[in-house]
Amino acid sequence: MHIPYDLGYKEDEQQTVNNYFYSFSNTYDVKKLMENYNVAQRNKEYAQNLIKNIEQYQMDLYNRCQEIQQTIFEKIIYFERYTYWYDNKVNFDLLIISNPVGKDIKNKYYKTIEKYKFSGRERHLAIRKYKELCNLYPNMKTVKKGFDTT
C-alpha cells in the first residue's frame, strides 16, 4: 500500500495516539509525571503533524477536482469481445464511455455512462445493439477490441 503523504508512520505500521489522561492528583512520583508529560507532548506534536498533512491532502484533492472540471472529455462507443481464462467462453461488453481526450482507454481513465453485457450466444444481439448505438450517435468515436480485422 502506498501512502503519498507522510502521516507520521511507516507503511507497515501505524502509530496510535494514546489519549488516556492519567489521574495525577494522587501521584507523588515526579519521574512518572514527567513521563506522562513527555507522552502527551509527543502525542500533541504527532496530532499537529497529522492535521497539517491532512490539510495538504485536502488541498491536493481540491486542485485535482479543478483540473478534472477543466478537462475536455469525449464520448466513445466501446465494443469488446473477450474470453475468460478459466472457462474459455466468449463474452461481449458494449459501453458508452466518457474519456479524457488523449488518454488511453485500456488504463481505465474512463467513466462508464451505459453498459451492456452479452454472452457469446447473444452475439447477434450484441452486434445489433452496437449498430443501433452507432446509428443513434453517428458523431461518436467507436472502438472495437478483440475482433479479427481480416
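First residue of the sequence shown? That's 386 in the numbering used here, and the numbers climb one at a time after it. The beta carbon of each residue, even a glycine, is placed where N, CA and C say it ideally should be. What you are looking at is a predicted structure, and each value in this text was computed from that prediction instead of being measured.
For the beta strand (DSSP E) containing residue i, list its first residue and its last residue.
i    : result
I462 : F458 to T468
I498 : K496 to S504
D478 : V475 to P485
What separation, rounded to the nearest whole angstrom, lies between the Cα atoms of residue i and residue j?
i    : j    : result
N520 : T527 : 11 angstroms
G505 : I490 : 23 angstroms
I453 : I498 : 17 angstroms
M419 : E430 : 16 angstroms
A432 : V486 : 41 angstroms
H509 : C450 : 41 angstroms
A425 : K416 : 14 angstroms
N438 : N484 : 31 angstroms
D414 : R427 : 20 angstroms
K530 : N448 : 34 angstroms
Name the DSSP bridge partner or partners of residue i?
i    : result
V528 : Y463
Counting along the chain, where does the alpha helix (DSSP H) carrying residue i start and finish?
i    : result
N428 : V415 to Q455
N411 : Run containing N411: none; DSSP gives neither H nor E here.
Y471 : Taken as a continuous stretch (DSSP letters only), Y471 belongs to no alpha helix (DSSP H), as it is neither H nor E.
E517 : R508 to L521
Please tell me whether, using a cut-off of 8 angstroms, the distance from the CB of residue i to the nearest non-hydrogen atom of the ligand ATP is below it.
i    : result
I498 : In the structure on display, the ligand ATP does not appear, and there are no ligands present to speak of.
Would the region 434-447 count as touching the region 460-468 if we require 3 or more Cβ pairs under 8 angstroms?
Note that the region 434-447 does not touch the region 460-468; fewer than 3 beta-carbon pairs, one per stretch, sit closer than 8 angstroms.
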